[in-house]
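Participant: Following this message is one structure expressed as structure tokens.
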Amino acid sequence: DAKTTQPTSMDCAEGRAANLPCNHSTISGNEYVYWYRQIHSQGPQYIIHGLKNNETNEMASLIITEDRKSSTLILPHATLRDTAVYYCIVRVRGNDMRFGAGTRLTVKP
Amino acid sequence: DAGITQSPRHKVTETGTPVTLRCHQTENHRYMYWYRQDPGHGLRLIHYSYGVKDTDKGEVSDGYSVSRSKTEDFLLTLESATSSQTSVYFCAISERQGAEGRAFFGQGTRLTVV
Numbered sequence: 262d263a264k265t266t267q268p269t270s271m272d273c274a275e276g277r278a279a280n281l282p283c284n285h286s287t288i289s290g291n292e293y294v295y296w297y298r299q300i301h302s303q304g305p306q307y308i309i310h311g312l313k314n315n316e317t318n319e320m321a322s323l324i325i326t327e328d329r330k331s332s333t334l335i336l337p338h339a340t341l342r343d344t345a346v347y348y349c350i351v352r353v354r355g356n357d358m359r360f361g362a363g364t365r366l367t368v369k370p
Numbered sequence: 449d450a451g452i453t454q455s456p457r458h459k460v461t462e463t464g465t466p467v468t469l470r471c472h473q474t475e476n477h478r479y480m481y482w483y484r485q486d487p488g489h490g491l492r493l494i495h496y497s498y499g500v501k502d503t504d505k506g507e508v509s510d511g512y513s514v515s516r517s518k519t520e521d522f523l524l525t526l527e528s529a530t531s532s533q534t535s536v537y538f539c540a541i542s543e544r545q546g547a548e549g550r551a552f553f554g555q556g557t558r559l560t561v562v
């Protein structure tokens, strides 16, 4: 199963772009990269996912390297409400979904 | 937001008593999951279901059982609660299997076993 590695914590200034990296060097060809976030003690929230191409939605952009061994989640204009734990997940074996420790992003005024 | 309701939201129970947590969805999604979240461990998968009466174990299934008799309900049972099962429990649903299926989470149930 593909594993992911993320920095434990990051800071970002309010209004600036937040770039959250994820390493998934053992990803296989049919595995997608998903990003979720968890604000305080709420349930995790889906952000975005992708396979090979870069993706963008109303929340964020996902940049996947050509070799697919790493990706970056970009929050273009971070706000204080984006302070959360961000999880990068590689979808494994069909039905189960395993979370790692994630990156704790703190957006500072 | 996806229609997921967890009940109860908070519960305090005594060691050795049975406890059932309920996850109810109104989205008609095929896949449902139970996770627990503890400080220092993040989210860990307990059990999941890929259809009515079809369930499988996750990484921390010992001490837990599940049932899914209807598409909309996924029950998590602690047959005899222990203090180590004090945790926050999250239910999730997903429409599709495999790589395309993004998941939606409930708001969690905080369980305290005393």
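Protein sequences appear in the order of chains A and B. Here the first sequence stands for residues 262 to 370, where the numbers follow my numbering. Here the second sequence stands for residues 449 to 562, where the numbers follow my numbering. Built from N, CA and C at the ideal position, the CB exists for glycine as well.
1) According to the neighbour-count rule (16 or more other Cβ atoms, all chains shown, within 10 Å of its Cβ), is residue 359/A buried or exposed?
2) Going along chain B in order, which residues have a C-beta closer than 7 Å to the C-beta of residue 276/A?
3) If we count Cβ pairs, one from each stretch, closer than 8 Å, do we get three or more for the segment 463-480 of chain B versus the segment 328-346 of chain A?
4) Go through its chain and collect everything with a Cβ distance to residue 361/A's Cβ below 7 Å, but skip five positions before and after it.
5) Using a beta-carbon distance cut-off of less than 7 Å, what residues from the segment 312-345 of chain A approach chain B?
6) Got a sec: which bits of the segment 469-495 of chain B sit with their beta carbon under 8 Å from any beta carbon on chain A, in order along the chain?
7) Report yes or no: is there a C-beta of chain A within less than 7 Å of the C-beta of residue 522/B?
8) Taking C-beta pairs closer than 7 Å, name the residues in chain A that residue 554/B reaches, listed in chain order.
9) Looking at residue 309/A: is its Cβ nearer than 7 Å to the Cβ of residue 316/A?
10) So residue 271/A is in the beta strand (DSSP E); what residue range does that whole segment cover?
11) Let's test the definition: count the other Cβ atoms within 10 Å of the Cβ of residue 557/B and tell me whether it reaches 16, buried, or not, exposed.
12) Comparing C-alpha positions only, which one of 301/A, 318/A and 311/A sits nearest to residue 364/A?
13) Please check if any C-beta of chain A sits within less than 7 Å of the C-beta of residue 550/B.
14) Under 8 Å, CB to CB, which of the residues in the segment 524-536 of chain B have a partner in chain A?
Facilitator: This is what the structure holds:
1) buried
2) Chain B residues near residue 276/A: none, gap ~27 Å exceeds 7 Å.
3) no
4) 265, 267 and 348
5) none
6) 479, 481, 483, 490, 491, 492 and 493
7) no
8) 304
9) yes
10) 270-274
11) buried
12) 301/A
13) yes
14) 536
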